Amino acid sequence: MKDFSRLFTEIDQTTSTNDKIDALARYFEIAAPEDATWCVALLTGKRPKRTIRSGELRDWCSQLINIPVWLMEESYHVVGDLAETITLLLPEPEETTEYRLSNIITDLMALQDKAEDVRHAFIVNMWMQLDKQELFIFNKLITGNFRMGVSDKIVMKALAKAFAIDENIVAHRLSGNWDPLTTRLDQLLGAADTTDDISRPYPFYLAYPLETELQELGAVEDWYIERKYDGIRGQIIIRDSQLFVWSRGEDLMTEKFPEFHALVNMLPNGTVIDGEIIPLKDEQLLPFHLMQTRIGRKNLTKKALQDAPLVMICYDLVEYKGEDIREKPLTERRLLLTEMLSQLQEKFPTVPLQISPLVICENWEEAAAERLNARDHGCEGLMLKRKDSVYKTGRKRGDWWKWKVDPLSIDGVLIYAQRGHGRRANLYTDFTFAVWNGDELVPFAKAYSGLTDKELVEVDNWIKKNTLDKFGPVRSVTPELVFEIGFEGINPSPRHKSGIALRFPRILRWRKDKSADQANTRQDLQDMLKAQH
Amino acid sequence: MVSFDDNGIYCAQADVYIDPWRPVNKAIITHAHSDHARWGMGSYLAHRDSVPVLRYRLGQDINVQGINYGESIDINGVRISLHPAGHIWGSAQIRLEYKGEIWVVSGDYKLQQDGISKPFEPIQCHSFITESTFGLPTYNFPDPLTVHDDINSWWRQNKEDGKNTIIIAYALGKAQRILKHLDTSIGNIFTHGAVDNINKLYEQTIGPLPPARRIDATIDKKEIEGSVIIAPPSAMSTPWLRKLNPYKLGICSGWMQLRGARRRRGADRGFILSDHCDWEQLNTAIKETGASNIYVTHGYKSIYAKWVQDEFGVNATEVETLYTGEQVDDATDNPEKGDVSNEGL
Chain U
0 MKDFSRLFTE
10 IDQTTSTNDK
20 IDALARYFEI
30 AAPEDATWCV
40 ALLTGKRPKR
50 TIRSGELRDW
60 CSQLINIPVW
70 LMEESYHVVG
80 DLAETITLLL
90 PEPEETTEYR
100 LSNIITDLMA
110 LQDKAEDVRH
120 AFIVNMWMQL
130 DKQELFIFNK
140 LITGNFRMGV
150 SDKIVMKALA
160 KAFAIDENIV
170 AHRLSGNWDP
180 LTTRLDQLLG
190 AADTTDDISR
200 PYPFYLAYPL
210 ETELQELGAV
220 EDWYIERKYD
230 GIRGQIIIRD
240 SQLFVWSRGE
250 DLMTEKFPEF
260 HALVNMLPNG
270 TVIDGEIIPL
280 KDEQLLPFHL
290 MQTRIGRKNL
300 TKKALQDAPL
310 VMICYDLVEY
320 KGEDIREKPL
330 TERRLLLTEM
340 LSQLQEKFPT
350 VPLQISPLVI
360 CENWEEAAAE
370 RLNARDHGCE
380 GLMLKRKDSV
390 YKTGRKRGDW
400 WKWKVDPLSI
410 DGVLIYAQRG
420 HGRRANLYTD
430 FTFAVWNGDE
440 LVPFAKAYSG
450 LTDKELVEVD
460 NWIKKNTLDK
470 FGPVRSVTPE
480 LVFEIGFEGI
490 NPSPRHKSGI
500 ALRFPRILRW
510 RKDKSADQAN
520 TRQDLQDMLK
530 AQH
Chain H
0 MVSFDDNGIY
10 CAQADVYIDP
20 WRPVNKAIIT
30 HAHSDHARWG
40 MGSYLAHRDS
50 VPVLRYRLGQ
60 DINVQGINYG
70 ESIDINGVRI
80 SLHPAGHIWG
90 SAQIRLEYKG
100 EIWVVSGDYK
110 LQQDGISKPF
120 EPIQCHSFIT
130 ESTFGLPTYN
140 FPDPLTVHDD
150 INSWWRQNKE
160 DGKNTIIIAY
170 ALGKAQRILK
180 HLDTSIGNIF
190 THGAVDNINK
200 LYEQTIGPLP
210 PARRIDATID
220 KKEIEGSVII
230 APPSAMSTPW
240 LRKLNPYKLG
250 ICSGWMQLRG
260 ARRRRGADRG
270 FILSDHCDWE
280 QLNTAIKETG
290 ASNIYVTHGY
300 KSIYAKWVQD
310 EFGVNATEVE
320 TLYTGEQVDD
330 ATDNPEKGDV
340 SNEGL
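So the protein lines, in turn, are chains U and H. Okay, so the first sequence: first residue is 0 according to numbering that gives the first Met the number 0, each after it adds one. Okay, so the second sequence: first residue is 0 according to numbering that gives the first Met the number 0, each after it adds one.
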């Protein structure tokens with residue numbers, strides 16, 4: 000693990016993308032194929048399942064170094080990361096042993112279903128043989144949250160460099176359903192075609208938020224304008240008379256969508272459609288959370304399916320008659336898609352696929368107006384796509400833009416704070432906000448992001464001086480500071496005291512100009528809820 | 000004999016405060032960091048070596064008396080003496096004895112030897128007031144000599160890569176400690192004005208330091224190529240720093256033990272080098288005092304007090320103070336007097 004550990008340190012100590020790519024490429028060149036495979040798997044989100052519970056780790060560690068469990072807990076709350084806490088607590092090893100990354104991972108996987116004493120012995124034995132940096136990596140692996148500060152894009156670029164293959168080809172070969180236990184990286188990258196894995200999706204083309212003036216985009220006629228739906232981005236794949244549904248997170252979710260299963264007999268083989276999966280009932284768009292609840296269920300009952308039937312709003316066709324057509328202009332791809340869907344709808348009127356309608360605008364002013372009334376259509380804003388654009392890989396600027404409406408917002412009072420994790424460890428940065436209900440403050444949202452580092456430190460200092468009470472890691476504070484909380488949507492929720500749940504809450508700004516009594520009320524939230532549903 | 004009130008740590012019998020945070024008549028100062036030595040006291044008593052810094056920071060006209068370690072003075076029957084705290088040069092623990100009862104106020108302290116301050120001496124007492132800045136078992140500081148080696152080899156590497164090396168450290172204490180251990184065969188050493196001011200006081204009071212030049216308008220960018228520059232936290236993300244490009248920046252602090260703090264500060268390197276006690280040092284210090292009452296101030300005070308109570312079977316109480324110790328996010332800390340400098344290149 001020495002090489003992998005050195006890679007980790009190199010990446011940890013730089014913020015330069017190029018340095019990261021170089022460090023990774025060097026690693027791929029020297030690492031054994033199995034180790035390189037696991038490295039890529041770990042960095043692209045294919046982490047093995049955890050086989051040890053965090054409670055066990057805490058117990059074993061506190062026993063080993065002979066400190067009480069409560070002190071271990073307190074240390075964890077300060078450090079904000081269990082793997083790091085254990086690393087800091089354990090003594091330096093008397094001697095170290097060199098292990099292979101791939102062996103460590105497969106050994107850990109083999110611990111599944113083993114008796115506690117076997118697992119305990121394995122972990123403690125490893126703890127005593129790794130140097131601090133390797134120990135940290137090992138602990139990150141066993142706690143299941145190994146990350147390294149590199150995006151998929153950086154990994155792809157490094158692989159392209161190390162193996163001298165085009166980056167888009169790397170991206171395509173890595174997407175989908177490969178298993179690091181059975182497929183080695185060199186085999187995967189050396190694969191001739193898409194045919195070896197028929198489930199493999201195309202890497203999604205993702206839009207950046209609009210950052211230029213509309214006029215700079217050129218003539219409005221050169222663009223397709225579509226509504227931006229708030230659903231699950233997905234690809235529907237039909238190959239070899241089999242159906243696969245992939246989400247943008249590159250999870251194979253076919254089983255979650257029984258309404259798409261009949262598509263196998265409706266669409267020709269060699270078809271890949273890109274679109275947004277949304278809940279739609281009797282032509283009415285349903286709130287996102289209904290789909291979320293349904294997706295979360297282990298067993299899909301008939302009722303669950305009836306309550307939240309799903310359709311795909313289709314906006315792109317990336318494989319047609321078995322051919323990768325990503326390089327064709329969007330006009331052509333969209334034409335093929337429209338023809339395919341209209342034929343389908345004639346034959347099967349209830350098919351759960353709809354073309355993403357175009358919003359026709361004579362000029363950019365009309366587009367701006369359409370964006371503002373997006374919420375009336377249950378949408379988040381508009382998508383702008385250049386008509387002659389090809390289907391690119393990953394998030395790219397220039398041809399596709401998302402143009403979302405400004406978030407809804409409400410002013411809340413800070414009432415609880417908890418220490419953050421990672422970069423925010425040891426700082427009180429996880430906040431709970433409340434609104435007034437009469438003269439009582441009712442919590443309605445938690446938010447972590449939106450403040451600058453400087454503001455975080457300022458709020459942290461304030462919290463330490465204005466703590467009313469401590470419950471475990473949580474502090475209640477004097478209700479004094481007011482923050483403007485932005486969110487994308489609001490839904491009823493019987494589980495929350497406020498009766499509502501917000502979608503994507505975050506801090507828009509610190510309202511230093513407002514005192515607590517000027518914050519919003521529960522009634523304000525309920526009015527927003529009514530307006531939305 | 001000693002109580003805690005809104006002004007600070009108070010000994011009523013002698014009518015003196017130790018490190019008070021509001022103006023009082025008589026103040027004994029453990030050391031010259033700004034959270035312990037504040038402006039506006041009627042008179043100050045401190046270790047001899049602290050006096051020049053106190054005058055420099057609080058005003059030449061302050062009424063201050065300096066005494067030696069071990070020397071004692073008597074105020075209304077209370078015997079007061081100062082003993083090495085090992086925190087920075089001139090830092091002292093304050094021992095108070097009245098009718099056989101002994102208290103020790105340790106201020107900030109460490110057991111590690113730093114090469115510039117007189118090492119900490121354990122003092123037997125009944126009641127001991129301790130800080131707890133790093134009072135958690137996760138803080139285990141490495142041997143400072145290996146840290147200094149790391150700093151030197153990092154500097155050497157940066158120089159090879161054509162980069163300047165910036166080291167962020169408190170102007171008082173940490174900066175002199177680092178300077179003293181830099182390998183002058185690697186290259187030249189420069190200092191920020193705030194650091195240079197304190198260095199001069201050190202050289203006048205204690206002794207020579209390796210040669211270091213103050214960065215001012217007369218210095219050409221060429222001259223600093225490949226050298227090391229010591230600057231205080233308040234210089235971070237200022238235009239002053241940007242002029243030293245291309246550089247690598249390292250922070251020296253006990254907080255660098257935490258990955259989160261390291262990443263948040265946006266430094267290229269974090270060196271774990273502290274003038275405070277880590278977990279083992281705190282525990283050792285407390286055991287060696289033999290005290291049956293421990294008062295825990297700034298840091299993880301409730302956690303550390305509970306640990307001391309449970310583990311050592313002595314009374315441990317947490318005390319609210321306005322001391323801050325070593326700060327995790329120093330860039331936003333109140334700049335200490337003399338730390339603000341816009342002197343250009």
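Yeah, the Cβ is synthetic: ideal placement off N, Cα and C, and Gly gets one too. All values reported here derive from a predicted model rather than from experimental measurement.
- Here the C-alpha atom of U:N372 lies approximately 18 Å from the C-alpha atom of U:F287.
- Under the Cβ distance rule, H:G7 does not count among the residues neighbouring chain U, no pair being separated by less than 8 Å.
- Secondary structure note for H:P232: it is in no beta strand (DSSP E), with a DSSP letter that is neither H nor E.
- Within chain U, I64, I66, L70, M71, S74, L87, L88 have C-beta atoms less than 9 Å from the C-beta of H:P136, given in sequence order.
- Going by C-alpha positions, H:G289 is about 28 Å away from H:N6.
- The alpha-carbon separation between U:R296 and U:P308 amounts to approximately 14 Å.
- Restricting attention to U:T392, U:I10, U:E133, the CA atom closest to the CA of U:K152 is found in U:T392.
- For U:D452, the nearest beta carbon of chain H is closer than 8 Å to its own beta carbon.
- Taking a C-beta distance under 8 Å as the contact criterion, H:A211 and H:L178 qualify as a contact pair.
- Near chain H, meaning a CB-to-CB distance below 9 Å, the residues of the region 414-427 of chain U are G419, H420, G421, R422, R423, A424, N425, L426.
- With fewer than 16 other Cβ atoms inside 10 Å of its own Cβ, U:A530 counts as exposed.
- Assignment of U:W37 by DSSP, reduced to helix, strand and coil, places it in the helix class.
- Taking a Cβ-Cβ cut-off of 8 Å, the neighbours of H:I302 in chain U comprise L70, E73, given in sequence order.
- With its beta carbon at least 8 Å from every one in chain U, H:Q308 lies outside the interface.
- The criterion of a C-beta distance shorter than 8 Å is not satisfied by H:H86 and H:I122.
- When beta bridges are read from the DSSP output, U:N436 appears opposite U:E439.
- The C-beta of U:G79 comes closer than 8 Å to at least one C-beta of chain H.
- The C-alpha of U:D438 lies about 11 Å from the C-alpha of U:A515.
- When the five nearest sequence neighbours on each side are left out, the beta carbons in the same chain lying within less than 6 Å of the beta carbon of U:A161 are those of A24, F27, E28, in order along the chain.
- Distance from the CA atom of U:A424 to the CA atom of U:L107, rounded to whole angstroms, is 28 Å.
- Residues of the region 223-256 of chain H with a C-beta atom less than 9 Å from some C-beta of chain U are W254, Q256, listed in chain order.
- If you draw a straight line from the Cα of H:F3 to the Cα of U:R474, it is about 25 Å long.
- Rounded to the nearest angstrom, the gap between the Cα atoms of U:R325 and H:S233 is 53 Å.
- Proximity of U:E94 to chain H, defined by a Cβ-Cβ separation below 8 Å, is not satisfied.
- Taking 4 residues as the shortest admissible run, the region 15-96 of chain U contains the following complete alpha helix (DSSP H) segments, listed from N- to C-terminal end: 16-29, 32-42, 53-64, 68-78, 81-88.
- Shown here for U:P257: same chain residues with a beta carbon closer than 8 Å to its own, the five before and five after excluded, namely L299, L304 in chain order.
- Judged by beta-carbon spacing, U:V271 lies beyond the 8 Å limit of U:S240, meaning their Cβ atoms are not closer than that value.
- Minimum Cα-Cα distance from U:F486 among the listed residues U:D512, U:V404, U:F430, U:D130 corresponds to U:V404.
- Close to H:G259, with beta-carbon spacing below 9 Å, are these residues of chain U in chain order: V78, G79, D80, E83, G419, H420, G421, R422, R423, A424, N425, L426.
- The alpha carbon of H:A36 has as its nearest neighbour, out of H:L181, H:G89, H:G249, H:L110, the alpha carbon of H:G89.
- At a cut-off of 8 Å, the C-beta of H:R268 has a neighbouring C-beta in chain U.
- Taking a Cβ-Cβ threshold of 9 Å, none of the residues of chain H is close to U:Q525; the smallest such distance is about 38 Å.
- In terms of CA proximity to U:V219, U:L357 leads the group U:L357, U:I64, U:T105, U:L134.
- Close CB contacts of U:T428 within its chain, under the 6 Å cut and outside five residues either way in sequence, are with G419, L455 (chain order).
- Shortest Cα-Cα distance from U:F7 to any of U:P92, U:L140, U:T96 involves U:L140.
- Residue contact check for U:Q128 against chain H: no CB pair falls below 8 Å.
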